[in-house]
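>
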């Protein structure tokens, strides 16, 4: 009898565990008119495999695209602890929902049933995969590269117009002498939701180098960044968390950025971010968003999902012979190929930055200088179109 009771207890506990695991193992949400299916990985809390071939790390919170009138109903869903708007659009808002529920799928279902809630996705990171580098592009592809071939904007020594450049990167240190005249309008940490006023964090390498390509003034070599007179919105976003990425773009928009430079790769193209970028780009006084193609010597469409967004300008690299740099990603998602080697700074010294990130930063500076010298955004955009940019 005791053995029978023990067996029944074991069966009961196992069934309970299965029910509990079932609640956490499957998360399904909509994206790009497809279903993204997440399955929990055993022994790795919050880690999920997916039908996209990507590994998601779920934070436990949710993001929702909502009409303003629907926000008051969000708190009626069991498990919603609090919510805050992180991005405002013309007719919608993106809301970050803090949760205490283990059953995110049930919460997604309940939230999507609310009138005025258009889409719900789990907040997440993507675990980065470091695959092998592919072979460089063929000589045929080399011969067909759309290269920067626009009039030089160096005709004005002093800026005729102020231009705001938002840099979204892993961190910035503007204490270097090359930034002594840099006008930083805002230095904001999108991961920790704080304005940085004093000592910067330790993640200063990449972001500072990209800022140097655009802004640095009076190099010891006699060279300068291409548009040192730009007003800067420095947004630190090192985590790759979806909510932080959206918040970074949102801060840039609230600060009325003319150009956004994001010299990094995005592995998952969320509808929420796409909706925000499209809405921002539809403004009359539109924004230029610049990203790097990536340095994996592979198809940029696969490597950087930002390149799939038509409103984003994706920049690859060419060498001194105007051939595809051996490291540069390539393919139909790259809008323009720009020289890759540019003087910049690192900590207290100077470096030559050679990467698609440096190419994107140079192109960002080119756009800023063109606008500073009197070119209208519509005119500049038409020149880019004439230069075979999509």
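Residue numbers (full-length UniProt numbering): 1 to 390.
Built from N, CA and C at the ideal position, the CB exists for glycine as well.
Measure how close the beta-carbons of residue 233 and residue 364 come, nearest whole angstrom, since I'm counting them as under 8 Å.
That belief does not hold up - the Cβ atoms of residue 233 and residue 364 are roughly 12 Å apart, past 8 Å.
> Here's the rule: buried if 16 or more other CB atoms are within 10 angstroms of the residue's CB, otherwise exposed. What is residue 253?
Counting Cβ neighbours within 10 Å, residue 253 comes out buried, since at least 16 surround it.
> Beta-carbon separation of residue 121 and residue 190 under 9 Å?
Contact: no.
> With DSSP collapsed to three states, give me the class of residue 281.
Reduced to three states, the DSSP call for residue 281 is helix.
> Please name the residue, chosen from 114, 85, 357, that lies closest to residue 313 on a Cα-to-Cα basis.
With distances taken between Cα atoms, residue 313 lies closest to 357.
> Report the three-state DSSP secondary structure of residue 31 (helix, strand or coil).
Looking at residue 31 - three-state DSSP - the assignment turns out to be strand.
> Residues bridged to residue 189 by DSSP?
Partner(s): 194, 236.
> Buried or exposed for residue 282, please, with buried defined as at least 16 other CB atoms from any protein chain shown within 10 angstroms of its CB.
Its Cβ having fewer than 16 others within 10 Å, residue 282 is exposed.
> Given a cut-off of 9 Å, decide if residue 187 and residue 231 are closer than it, judged by their beta-carbon atoms.
No. Outside cutoff.
> Measuring alpha carbon to alpha carbon, tell me which of 45, 33, 50, 32 ends up nearest residue 39.
Answer by Cα proximity: 50.
> With DSSP as the reference, please indicate the residues paired to residue 93 in a beta bridge.
Residue 93 is bridged to 66, 88.
> Cβ atoms of residue 61 and residue 98: under 9 Å apart, would you say?
The answer is yes: Cβ separation under 9 Å.
> Could you spell out the range, first to last residue, of the alpha helix (DSSP H) harbouring residue 381?
377-386 is the extent of the alpha helix (DSSP H) around residue 381.
> Between 284, 324, 114, 380, which lies nearest to residue 90 when the distance is taken from Cα to Cα?
Of the candidates 284, 324, 114, 380, the one whose C-alpha sits nearest the C-alpha of residue 90 is 284.
> Could you check if residue 228 is buried or exposed, using at least 16 other CB atoms within 10 Å of its CB as the buried criterion?
Residue 228 is buried by the Cβ-count criterion.
> Using 9 Å as the threshold, is the C-beta distance between residue 116 and residue 70 below it?
Against a cut-off of 9 Å, the Cβ pair of residue 70 and residue 116 comes out as a contact.
> Out of curiosity, what's the CA-to-CA distance linking residue 274 and residue 123?
Residue 274 and residue 123: Cα-Cα distance of roughly 15 Å.
> What separation, rounded to the nearest whole angstrom, lies between the Cα atoms of residue 148 and residue 360?
Their Cα atoms are separated by approximately 11 Å.
> With C-beta atoms as the reference, is residue 302 less than 9 Å away from residue 269?
Not in contact: residue 302 and residue 269 (Cβ atoms no closer than 9 Å).
> So what's residue 288 in DSSP terms, helix, strand or just coil?
Three-state DSSP puts residue 288 in a strand.
> So which of 319, 291, 42 has the shortest CA-CA distance to residue 306?
The shortest Cα separation from residue 306 among 319, 291, 42 belongs to 291.
> Beta carbon of residue 367, beta carbon of residue 288: below 9 Å?
Going by C-beta atoms, residue 367 is nearer than 9 Å to residue 288.
> Would you call the stretch 332-339 and the stretch 376-390 touching, i.e. three or more CB-CB distances under 8 Å?
Touching, yes, given that three or more Cβ pairs across the two stretches are closer than 8 Å.
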